[in-house]
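Peer 1: First the structure, then my questions, so here it is.
Numbering (the UniProt record's numbering), first residue to last: 1 to 47.
If you want it as structure tokens, here you go:
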């Protein structure tokens, strides 16, 4: 998952996309991270 996000970020920088696009990608990565963290925490609680 992280590799995909980093790849998108690299593509955005390479093509010099607008800061809006970079911001959207960054927001998506933050949401993905939050979901991953929540999943890990819930798994630890059940175990």
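No residue lacks a Cβ here, since even glycine has one placed at the ideal position from N, Cα and C.
Starting from residue 19, trace the alpha helix (DSSP H) in both directions and tell me its first and last residue.
Peer 2: Along the chain shown, one-based indexing puts residue 19 at 19. Start and end: 19-46.
Peer 1: With a Cβ-Cβ cutoff of 8 angstroms, do residue 2 and residue 12 count as a contact?
Peer 2: Indexing the chain shown from 1 puts residue 2 at position 2. Indexing the chain shown from 1 puts residue 12 at position 12. No.
Peer 1: To which residues of the same chain is residue 29 closer than 6 angstroms at the C-beta, ignoring the five residues directly before and after it?
Peer 2: Mapped onto the chain shown, residue 29 falls at position 29. Excluding sequence neighbours, residue 29 sits near 5.
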